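See below for the structure under consideration.
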Amino acid sequence: MNSTSLSRDGTIIFKSKSIFDVMVAQQIYACKISPFLERDFEKKTKFGSVKLGEIEWLTIGDLVRIESVDRDQWQITHLYPRKSLLSRRAALPSTFRLQEAQAIAANVDQMVIVFAITQPEIKWNLLDRYLIQAEACRLKALICFTKYDLVDSLPTQYRQELLTQMKNYQHLGYEMIQTSSNTGTGMKDLMQRLQGKSSIFLGKSGVGKTSLINGLFQGFQQRTNAVNPITGKGRHTTTTLSLLSIDANTGVIDTPGTREFGLWNVVADELAGYFPEMQPLLGKCKFRLDCLHDEEPGCAIRAAVVAGNISPFRYHSYLKLLREV
Numbered sequence: 117m118n119s120t121s122l123s124r125d126g127t128i129i130f131k132s133k134s135i136f137d138v139m140v141a142q143q144i145y146a147c148k149i150s151p152f153l154e155r156d157f158e159k160k161t162k163f164g165s166v167k168l169g170e171i172e173w174l175t176i177g178d179l180v181r182i183e184s185v186d187r188d189q190w191q192i193t194h195l196y197p198r199k200s201l202l203s204r205r206a207a208l209p210s211t212f213r214l215q216e217a218q219a220i221a222a223n224v225d226q227m228v229i230v231f232a233i234t235q236p237e238i239k240w241n242l243l244d245r246y247l248i249q250a251e252a253c254r255l256k257a258l259i260c261f262t263k264y265d266l267v268d269s270l271p272t273q274y275r276q277e278l279l280t281q282m283k284n285y286q287h288l289g290y291e292m293i294q295t296s297s298n299t300g301t302g303m304k305d306l307m308q309r310l311q312g313k314s315s316i317f318l319g320k321s322g323v324g325k326t327s328l329i330n331g332l333f334q335g336f337q338q339r340t341n342a343v344n345p346i347t348g349k350g351r352h353t354t355t356t357l358s359l360l361s362i363d364a365n366t367g368v369i370d371t372p373g374t375r376e377f378g379l380w381n382v383v384a385d386e387l388a389g390y391f392p393e394m395q396p397l398l399g400k401c402k403f404r405l406d407c408l409h410d411e412e413p414g415c416a417i418r419a420a421v422v423a424g425n426i427s428p429f430r431y432h433s434y435l436k437l438l439r440e441v
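Below, the structure written as structure tokens:
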């Protein structure tokens, strides 16, 4: 780097394979990674100096330093320490490949978990995955149900089951909001919950994440698609992550829809601690803290399920996750 090069500090708001858009004081710079920084990343990965749950590679939300190398050409030369990092377990193309983490976003304060009350179908185990990963990454979690203007038109049994499940999660202490992009229901409340935070929107394709953001921020209009009427599954409209900087203290990250979400840096003997209803019973089993609450005799958590004090849905969700972590 020559002695006359200019430097700036900014935030990564978009990335492709080799180009990163970095915002500096409302101006966007297209940057590549400097060869020195790239070699440093590769060296840390090769020699195993990267700690569990820590990913050195650049991602959306990272605060970085950029420097000019030529006229209108910029490189990222430094990654500043992160206050948070949201990751998930990367999909494994081969059974012989070691588990790896996939960095989703850095320096996030809040995870907004979006589900539609109609199609695509709500997967409660997916909700549990999001909630657990948010807590593991020390992020505030907000559950957002969209298309709520359709609640009265739902089949009676389905509506009752939906409302019961929603009340169960609220009873456990999870924050929840109901919204409609069509009627404006809950939009003002959601906007207030976003102010002063960096929030990432997560959910399956077709749940209305992009419509929510379009409704909240009129200057940020992204393309939206309907749910596939044959499969009941959402079509991808957002194909890559992008960060919208609302003001100096507020940011929103839209993400592509996810049908699966693998937990990262969550281990089996700590999993029950991420379920609020199970926390008071930890250590009260016959095998105390060595109990995984599966088939062990004298398990206090299994007894609570039988007694009706813990939801069978949540317990079965726990068992499914236990077999994965």
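In this note's numbering, each number is its position in the sequence shown, counted from 1, plus 116.
We put the beta carbon where it would ideally sit given N, CA and C, even for glycine.
The structure displayed is predicted, hence computed values, not measured ones.
Pairwise C-alpha distance: E158 and Q395
Rounded to the nearest whole angstrom, the C-alpha separation of Q395 and E158 is 40 Å.
Return yes when the Cβ of K313 is within less than 9 Å of the Cβ of D225, no when it is not.
Annotated as proximal: D225 and K313, with beta-carbon spacing under 9 Å.
If I follow the unbroken alpha helix (DSSP H) through R187, where does it start and stop?
Element bounds for R187: n/a, residue is neither H nor E.
Restricting to Cα atoms, I'd like to know which of Q249, G126 and H194 is closest to L437.
That would be Q249, whose Cα lies nearest to the Cα of L437.
Please report the distance separating the alpha-carbon of L379 from that of M227.
C-alpha separation (whole angstroms): 15 Å.
Helix, strand or coil, according to DSSP, for T272 in the structure here?
The answer is helix: DSSP assigns T272 an H, G or I state.
Separation of A364 from L332, as counted between CA atoms
Straight-line measurement puts the Cα of A364 at about 17 Å from the Cα of L332.
What does the alpha-carbon distance come out to for the pair C407 and N241?
One alpha carbon belongs to C407, the other to N241, and they sit about 22 Å apart.
Tell me whether Q276 is buried or exposed, calling it buried when 16 or more other Cβ atoms sit within 10 Å of its Cβ.
So Q276 ends up on the exposed side.
CA-to-CA distance, P413 to A222, given in whole angstroms
C-alpha separation (whole angstroms): 42 Å.
Residue of P236, S200 and T371 minimising C-alpha distance to K131
Selected option, being the one with the closest Cα: T371.
I'd like to know whether the C-beta atoms of Q311 and T366 end up nearer to each other than 9 Å.
For the 9 Å CB-CB criterion, Q311 and T366 form a contact.
Helix, strand or coil, according to DSSP, for I238 in the structure here?
Coil at I238, not helix or strand.
I'd like to know if L279 contacts chain B, where contact means its C-beta is closer than 9 Å to some C-beta of that chain.
The structure shown contains no chain B, having only a single protein chain.
Segment limits, beta strand (DSSP E) that includes Q143:
It spans Q143 to I149 - the beta strand (DSSP E) in which Q143 sits, taken as one unbroken run.
Among I220, G322 and K256, which has the Cα closest to the Cα of L357?
Distance check between L357 and each of I220, G322 and K256 places I220 closest, using alpha-carbon atoms only.
Please state the DSSP three-state secondary structure of K133.
Coil at K133, not helix or strand.
Between the beta-carbon of I462 and the beta-carbon of V138, is there less than 9 Å?
Any answer about residue 462 is impossible in this case: the structure gives the chain only from 117 up to 441.
Is the distance from the Cβ of R309 to the Cβ of L258 below 9 Å?
Taking 9 Å as the Cβ cut-off, R309 and L258 qualify as a contacting pair.
Determine the DSSP secondary structure at L359, reduced to helix, strand or coil.
Three-state result, L359: strand.
What did DSSP end up calling K325 once you bin it into helix, strand or coil?
In the three-state scheme derived from DSSP, where H, G and I count as helix and E and B as strand, K325 is classed as helix.
By the 10 Å Cβ neighbour count, where 16 or more other Cβ atoms means buried, how is F136 classified, buried or exposed?
Buried.
Strictly by DSSP, which residues pair up with P203?
Position check: residue 203 holds Ser in this sequence, whereas Pro was assumed. Paired residues: A219.
Contacts around D125, its chain only, beta-carbon distance under 6 Å, and the 5 residues preceding and following it disregarded
Same-chain partners within the cutoff: R181.
Less than 9 Å between the beta carbons of V267 and L328, yes or no?
No, the pair does not count as a contact, with Cβ atoms beyond the cut-off.
Taking DSSP as the reference, what is the three-state secondary structure of L255?
Coil at L255, not helix or strand.
Residue nearest to F429 in terms of C-alpha spacing, selected from T374, L243, C147 and Q191:
Of the candidates T374, L243, C147 and Q191, the one whose C-alpha sits nearest the C-alpha of F429 is L243.
Do S200 and Q218 have their CB atoms nearer than 9 Å?
Their beta carbons are not under 9 Å apart, which means S200 does not touch Q218 by this criterion.
Let's see if you can read the secondary structure: which residues bound the alpha helix (DSSP H) around I176?
Note, I176: premise wrong, no alpha helix (DSSP H); not H, not E.
Answer yes or no: do T193 and S296 have a C-beta to C-beta separation smaller than 9 Å?
The answer is no: Cβ separation not under 9 Å.
Which class does M227 belong to by DSSP, given the choice of helix, strand or coil?
Residue state, collapsed to three classes: strand.
By DSSP's criteria, T366 is part of a beta bridge. Which residues make up the other side?
Answer is D363, bridged to T366.
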